[in-house]
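Residue numbers (the UniProt record's numbering): 1 to 271.
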């Protein structure tokens with residue numbers, strides 16, 4: 001029997017803002033769905049940008065991640081399908097801004113999202129992937145995401161200070177592995193906004209691969225104007241410009257992760 005879970009839960013996290021975290025969550029989810037994988041994106045960032053980027057207008061978000069974590073609203077009433085694709089989103093609003101304060105007073109405060117993901121409405125839905133778009137901080141919402149996840153995908157901007165701050169995130173992952181989620185691992189470090197013509201970007205890539213080895217994914221997301229424009233149209237770049245370099249890169253990322261997970265499943269089945 002395979003030791004690998006059928007549903008892969010991946011937290012997309014980096015406490016540094018502006019690194020392409022939400023962009024990656026949106027477009028990786030879209031690429032996985034395009035590949036036929038039933039995918040759920042959970043937006044736990046109070047800014048709600050992942051929700052907006054998938055076309056969920058703020059005025060229509062009757063139920064949100066807040067209700068998933070703190071309320072008794074069934075997930076079936078919260079999940080919203082995106083078009084005809086096998087892609088669903090649980091949207092966020094600024095209601096989550098006070099979540100850290102409310103979580104402090106709750107029992108099992110770091111396990112509430114994990115508990116919510118175990119409700120039958122989600123476990124019986126047959127999702128291949130659940131992606132969690134985290135806030136740009138190591139707060140209790142991000143901790144909840146990492147406790148609920150099997151792995152953490154870390155977008156890393158190809159810039160001078162890229163590796164600074166990464167050590168704190170790695171330390172937090174290590175601590176959670178020791179205390180709350182022993183199976184948590186790093187899915188990979190994803191270099192984003194990469195410009196091959198820029199010597200600095202090439203140096204950042206070299207430093208990252210030298211220091212982090214195989215943790216750095218082969219796929220890199222290029223700096224691409226189409227990726228930047230797509231959110232203003234409330235669609236993933238795969239829909240906005242399907243043949244753009246950004247869309248191609250996110251498809252390559254989806255294939256890289258699916259291939260890795262397929263190998264893990266085969267190894268688990270052989271045990």
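Quick reminder that beta carbons are idealized off the backbone N, C-alpha and C, glycines included.
All of these numbers come straight from a predicted model, not from anything done at the bench.
Secondary structure within the stretch 5 to 77: the alpha helix (DSSP H) runs of 4 or more consecutive residues, fully enclosed, are 21 to 34, 49 to 53 and 65 to 70 (chain order). In this structure, residue 65 places its C-beta atom within 7 Å of the C-beta atom of residue 90. One thing to note: residue 129 has its Cβ within 7 Å of the Cβ of residue 39.
Between residue 47 and residue 138, the alpha-carbon positions lie close to 15 Å from each other. For residue 156, the uninterrupted beta strand (DSSP E) run begins and ends at 151 to 157, by DSSP.
Residue pairing by DSSP places residue 222 opposite 194 in a beta bridge. As the crow flies, the alpha-carbon of residue 63 is around 22 Å from that of residue 143. Shown here, residue 81 sits in a strand according to DSSP, grouped into three states. Distance from the CA atom of residue 17 to the CA atom of residue 225, rounded to whole angstroms, is 19 Å. The alpha-carbon separation between residue 9 and residue 149 amounts to approximately 5 Å. DSSP places residue 133 in the uninterrupted beta strand (DSSP E) bounded by 129 to 133. For residue 143, the enclosing alpha helix (DSSP H) has its first and last residue at 140 to 148. Taking 7 Å as the cut-off, the Cβ atoms of residue 132 and residue 42 count as close. DSSP lists 154 and 216 as the beta-bridge partner residues of residue 189. Taking all protein chains in view, the Cβ of residue 246 is crowded by 16 or more other Cβ atoms within 10 Å, so the residue is classified as buried. Short of 7 Å from the beta carbon of residue 67, and not among the five residues preceding or following it, lie these beta carbons of its own chain, in chain order: 73 and 78. Shortest Cα-Cα distance from residue 181 to any of 121, 25 and 152 involves 152.
Take the alpha-carbon of residue 196 and the one of residue 202: they are about 7 Å apart. Between residue 259 and residue 221, the CB-CB gap reaches or exceeds 7 Å. Relative to the Cα of residue 189, the nearest Cα in the group 106, 158 and 176 belongs to 158.
Residue 237: member of the alpha helix (DSSP H) spanning 237 to 240, first to last residue.
In the assembly as shown, residue 120 is an exposed residue. Its beta-carbon has fewer than 16 other beta-carbons within 10 Å. Here residue 200 is exposed, its C-beta having fewer than 16 other C-beta atoms within 10 Å. The beta carbon of residue 160 is closer than 7 Å to those of 200 in its chain, skipping five residues each way along the sequence. Within the DSSP secondary-structure output, residue 122 pairs in no beta bridge. One alpha carbon belongs to residue 117, the other to residue 236, and they sit about 25 Å apart.
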